[in-house]
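Data block below; observations after.
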Amino acid sequence: MIPWQLLFLQSSIPEIKYYLFVGDLEPLVWIESAVAAIICIYGSYRAVSRWLMGQPVPMPDHLGARLWNVAKYTFAQVKVWRHRLPGVLHSLIFWGTTILLIGTILDAIESEFTLRFLDARFLIGPTYLWFKLAMNIGGLMLIAGILLAYYRRLRGLTPNLPMGAMEHYMLLSLLTIAITGFFMDSVNTYAYRTSYMYPYDLVGYSLASLYRDLGISVAQLVPAYRAVWAFHMTLAIMSIGFIPYTKFSHIFVHGALNVFYYRLDSPAAFRPIEDLEGRVERGEVIGATKASELTWKERLDLDACVKCARCTNACPAVASGKPLNPMLLVQAAKDAVHAGPTSPLVSEGPLVPEAYWSCTTCGACVRECPTMIHHVELILDMRRGMVSTSGAVPEGLSQALYNTMRLGNPFGFDPDERTKWMEKVSTEIDIPFAEPGEEYDYIYWVGCNTAFDPNLRPVAESLLRLLKVAGLKVALLREETCCGEPARRIGDEYLFSENAKAVGGILSNYKFKSLLVSCPHGYNNFKHEMPLYGVKFEVVHHAQLLSKLVAEGRIKPADASGLRVTFHDPCYLARWNGVVEEPRSLIRATGADLVEMARHGADSFCCGGGGAQFFFDIKIGERVSKLRTAQAAGTGAKKVVVACPFCNAMFRSEAQSFGLDVMDIAQLLEGANRKSEV
Numbered sequence: 001m002i003p004w005q006l007l008f009l010q011s012s013i014p015e016i017k018y019y020l021f022v023g024d025l026e027p028l029v030w031i032e033s034a035v036a037a038i039i040c041i042y043g044s045y046r047a048v049s050r051w052l053m054g055q056p057v058p059m060p061d062h063l064g065a066r067l068w069n070v071a072k073y074t075f076a077q078v079k080v081w082r083h084r085l086p087g088v089l090h091s092l093i094f095w096g097t098t099i100l101l102i103g104t105i106l107d108a109i110e111s112e113f114t115l116r117f118l119d120a121r122f123l124i125g126p127t128y129l130w131f132k133l134a135m136n137i138g139g140l141m142l143i144a145g146i147l148l149a150y151y152r153r154l155r156g157l158t159p160n161l162p163m164g165a166m167e168h169y170m171l172l173s174l175l176t177i178a179i180t181g182f183f184m185d186s187v188n189t190y191a192y193r194t195s196y197m198y199p200y201d202l203v204g205y206s207l208a209s210l211y212r213d214l215g216i217s218v219a220q221l222v223p224a225y226r227a228v229w230a231f232h233m234t235l236a237i238m239s240i241g242f243i244p245y246t247k248f249s250h251i252f253v254h255g256a257l258n259v260f261y262y263r264l265d266s267p268a269a270f271r272p273i274e275d276l277e278g279r280v281e282r283g284e285v286i287g288a289t290k291a292s293e294l295t296w297k298e299r300l301d302l303d304a305c306v307k308c309a310r311c312t313n314a315c316p317a318v319a320s321g322k323p324l325n326p327m328l329l330v331q332a333a334k335d336a337v338h339a340g341p342t343s344p345l346v347s348e349g350p351l352v353p354e355a356y357w358s359c360t361t362c363g364a365c366v367r368e369c370p371t372m373i374h375h376v377e378l379i380l381d382m383r384r385g386m387v388s389t390s391g392a393v394p395e396g397l398s399q400a401l402y403n404t405m406r407l408g409n410p411f412g413f414d415p416d417e418r419t420k421w422m423e424k425v426s427t428e429i430d431i432p433f434a435e436p437g438e439e440y441d442y443i444y445w446v447g448c449n450t451a452f453d454p455n456l457r458p459v460a461e462s463l464l465r466l467l468k469v470a471g472l473k474v475a476l477l478r479e480e481t482c483c484g485e486p487a488r489r490i491g492d493e494y495l496f497s498e499n500a501k502a503v504g505g506i507l508s509n510y511k512f513k514s515l516l517v518s519c520p521h522g523y524n525n526f527k528h529e530m531p532l533y534g535v536k537f538e539v540v541h542h543a544q545l546l547s548k549l550v551a552e553g554r555i556k557p558a559d560a561s562g563l564r565v566t567f568h569d570p571c572y573l574a575r576w577n578g579v580v581e582e583p584r585s586l587i588r589a590t591g592a593d594l595v596e597m598a599r600h601g602a603d604s605f606c607c608g609g610g611g612a613q614f615f616f617d618i619k620i621g622e623r624v625s626k627l628r629t630a631q632a633a634g635t636g637a638k639k640v641v642v643a644c645p646f647c648n649a650m651f652r653s654e655a656q657s658f659g660l661d662v663m664d665i666a667q668l669l670e671g672a673n674r675k676s677e678v
C-alpha cells in the first residue's frame, strides 16, 4: 500500500497506546503538573504584583488593534526578521516550540480527558497521521533553530550577545526535550506502528528501522525508555512551571503582554506627566529616581527584555564608547525594581548619570526592540527625575534650561538678534510678519538653531525664496520663541509645558493652514508632543513641502547633474516620523548622483546632536558626529545633504577634517551649491 493512501483509510491505523511501558509512572505526570502549576501561578502573581506597584498610566483601549500587534510582532515575528539569520533561527525555535506545545496539549486532552471521561478519541486515522507529521516538523524546526543559535553565538555573528547560564539553560533544555521526544516516539513506533508510520513519523520510523537493523529488541529498549520518559516529562513540565522566572517568559507572557500594551499612537509622542501642575505644587518627584516611581508599563518594559543586544548594537552611544548601553541599562533597572521600591535607578554601573545623559534619543533602540520596549521614554523619565530633584544634571544642560526660561532660547542669545535677522529677511525676500485677521498658507517657524546661527540662516533664506517662487502666502512670526523641545529632552517637563502653552497662545492669534518647520526636532514636537498639552496645529517639514511643490511643477529644481552627494537622514524625520522618500525625491529631481550610506532611511545613524547633546559633550569615547561624518566620507561623495539644522551644525563641526561640504536640501534645490559653483 502506498503510505499516503493511509490518509484516507482510517480503519488501517490502530489506536494510540498511551503510557506504553510506563503505566505505573502516570501519577508522576499529575504530581509534577500540580507542582509546576503552583510554581507558575506564584511566579506570575509576583510579576503582576511588581507591575501593579508602578505609577498609574492610562489603560489601553482598541482591543482589535492590540491583538493585531500581538499577531504581527509576537507570532509573525516582524521585527525579528529585520535581521535574516536571527529571524530564521528565532522563527524556527518559536514555531517549533509552539507546534510541539500545541501537539502535547492535544495529546493530553485526548489521553486525560476525552478518552478517560468520554471514551472518545479525536487523534485517529488521517488526523493522527497529520498530527505525527506536524510533530516531526515541529521537532526538526526546533533542533535546527537551536543549532543555528549556537552557531551564531560561537561564531560571534551578533556582537554583545550574552551567553550565560540562562541562555545555555534555555537552548539546552529545548534541545533535550526535542531529542528525548524523538527517542520516545521511535520506541513507540518500533513497538507497534512501524507498518503504517512511514513517512509521517519520519524521525521515529528512521530510528526504529535503525534499532531493527542493529538487532536491538523492544524489550532491550524499555529500561532506557522508562528513564528517558521520566526525565523528559519532568524537564518539559517543570520548564513550563518556571516560565515566569526565566527568559522563556518573553515567548508567551512578558513579551506578548508588552506588545499588547504597546502604544497605538506614534512612539515619538513621548508620554506626558499626568497632573503635572498638581505634582509640582505638592513637591512630588517628576519622573523617576527610584523603583517605586516607575510606571507599571515601564516595569513591564523591563521584564520584557530578552537580552538580544539589538538595541545595544544599534546605539550610537555604544558605537562611540559612551557610558550608555541600552541592554545593560534595562537589565540593571530591572534588577533595581526586583530588589525593592526604594532601590535607586541612578547609581553605578550601567545606571551612572552619564549613561542617561549619553542618550541622543535617536530611537534606534526602540526601532530594533522585538518586544517593543521604549528605552527612550525610560531614559527621559530618569532625566526628569534628576532635573526634578536637582540631581546630577550636566552644567551645560542646566544653563540651556536657564537660558530657555529667561531668554526664550537655549543658547543664551539676545532675543533681539532673532527679530533683527527676521526683519532683514522680511525686507529682502518680501516675506511679511503674520498679522491677526490675515490668512496664510503657512506660518514659518524658523527655530532657535537656524535663527541664531549665521551658518544656518542661509538655509531659511533659500527656503523662503523657493516658497516665494511657488506663489505661496507665507509669514514669519515676530513673537517666535523656543518651541521647548530641548527642555523636554533634558527632562524639565514643567518648563516644556509652560513653553507649549506660550507657543499655543502665540499661534492661536493667527489664521494659517499649516505650520512650516525646518527642524525635525521641532516637527516632532509640534506634531506629537505639544498636542499632549492641548496645542494642536497641522505641521509640515520643509522637505515634505518642497517635494510636493516640485511634484506639482511649482518649483523648478536647480540642475545638479554630475554632483555626487550623500544624504543623512535625521533621526527625528526618518526614524521617528517615517519621512524618508521626500528628501530623496528632491535630490533625484536635481539630477544629483545620490550615494547612500550603509545606515540610511529609518536605520540612519545619529549625527550626535539629539537628546540635548548639542548643548554639552560627555568627554568619554569618540564623538558620534565624527563617526557619522566618517561614514559619509566613506561613500566617496564630497557633499553631505541634510534636512535638519542640528545635523547641519554637527556635520559642519567635522566636515573639514574629512574634506566634505555640507548643505541643506533647500539649498541644493535652489542651486546655492550647484555644480557650476563647486
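Going by UniProt numbering, the sequence shown opens with residue 1, and the numbers climb by one from there.
All residues carry an ideal CB built from backbone N, CA and C; glycine is no exception.
Contact belief for residue i with residue j at Cβ below 8 Å, rounded distance in angstroms
{"i": "Val641", "j": "Ile587", "result": "6 Å"}
{"i": "Asn441", "j": "Val387", "result": "Before going on, a small fix: residue 441 reads as Asp here, not Asn. Contact flag wrong, Cβ pair sits at about 39 Å."}
{"i": "Trp375", "j": "Pro326", "result": "For the sequence presented, residue 375 should be read as His rather than Trp. The pair is a contact, with the Cβ atoms about 5 Å apart (cut-off 8 Å)."}
{"i": "Pro162", "j": "Lys334", "result": "The Cβ separation is near 14 Å, so there is no contact."}
{"i": "Gln613", "j": "Thr360", "result": "5 Å"}
Neighbourhood of residue i by C-beta distance below 7 Å, restricted to the same chain and skipping five residues each side
{"i": "Phe616", "result": "Pro394, Gly396 and Leu397"}
{"i": "Tyr19", "result": "Glu26"}
{"i": "Arg652", "result": "Asn455 and Val662"}
{"i": "Leu472", "result": "Asp441 and Tyr442"}
{"i": "Glu529", "result": "Ala269, Phe270 and Arg488"}
With 16 other Cβ atoms within 10 Å as the buried cut-off, status of residue i
{"i": "Asn455", "result": "exposed"}
{"i": "Ala400", "result": "buried"}
{"i": "Lys639", "result": "buried"}
{"i": "Thr427", "result": "exposed"}
{"i": "His90", "result": "buried"}
{"i": "Pro56", "result": "exposed"}
{"i": "residue 686", "result": "Nothing about residue 686 can be read from this structure; the chain reaches only from 1 to 678."}
{"i": "Asn577", "result": "buried"}
{"i": "His62", "result": "exposed"}
{"i": "Gly64", "result": "exposed"}
{"i": "Ala76", "result": "exposed"}
{"i": "Gln220", "result": "exposed"}
{"i": "Ser462", "result": "buried"}
Beta-carbon spacing of residue i, residue j below 8 Å
{"i": "Ala487", "j": "Thr404", "result": "yes"}
{"i": "Val259", "j": "Leu294", "result": "no"}
{"i": "Tyr225", "j": "Phe21", "result": "yes"}
{"i": "Gly363", "j": "Cys571", "result": "yes"}
{"i": "Cys483", "j": "Phe526", "result": "yes"}
{"i": "Leu92", "j": "Ala230", "result": "no"}
{"i": "Asn136", "j": "Asn313", "result": "no"}
{"i": "Ile177", "j": "Leu235", "result": "yes"}
{"i": "Ala434", "j": "Leu476", "result": "yes"}
{"i": "Glu498", "j": "Val446", "result": "no"}
{"i": "Trp357", "j": "Ile618", "result": "yes"}
{"i": "Pro86", "j": "Thr158", "result": "yes"}
{"i": "Tyr523", "j": "Leu573", "result": "yes"}
{"i": "Leu106", "j": "Leu123", "result": "yes"}
{"i": "Ile143", "j": "Leu171", "result": "no"}
{"i": "Met422", "j": "Arg465", "result": "no"}
{"i": "Glu354", "j": "Ile179", "result": "no"}
{"i": "Ser547", "j": "Gly591", "result": "no"}
Selection from the options that minimises the alpha carbon distance to residue i
{"i": "Ser604", "options": "Ser209, Glu552, Arg367 and Glu461", "result": "Arg367"}
{"i": "His541", "options": "Met530, His528 and Leu515", "result": "Leu515"}
{"i": "Trp51", "options": "Arg271, Glu298 and Leu549", "result": "Glu298"}
{"i": "Met372", "options": "Gly164, Glu348 and Val330", "result": "Val330"}
{"i": "Glu596", "options": "Met327, Val565 and Ser625", "result": "Val565"}
{"i": "Ala637", "options": "Ala666, Phe567, Met650 and Ala612", "result": "Phe567"}
{"i": "Thr629", "options": "Asp569, Gln667, Arg584 and Tyr402", "result": "Asp569"}
Residues near residue i in its chain [Cβ-Cβ closer than 6 Å; skip 5 each side]
{"i": "Thr189", "result": "Met197, Asp201, Gly204, Tyr205 and Ala208"}
{"i": "Glu677", "result": "Note that Glu677 scores a pLDDT of 37, beneath 50, so its modelled location is shaky and nothing firm can be said."}
{"i": "Asn409", "result": "Cys448 and Cys482"}
{"i": "Ile39", "result": "Gly241"}
{"i": "Met238", "result": "Ala36"}
{"i": "Ala291", "result": "Ala336, Val337, Pro341 and Ser343"}
{"i": "Asn509", "result": "Pro436"}
Same chain only: Cβ atoms within 8 Å of residue i, ignoring 5 sequence neighbours per side
{"i": "Arg599", "result": "Phe605 and Gln631"}
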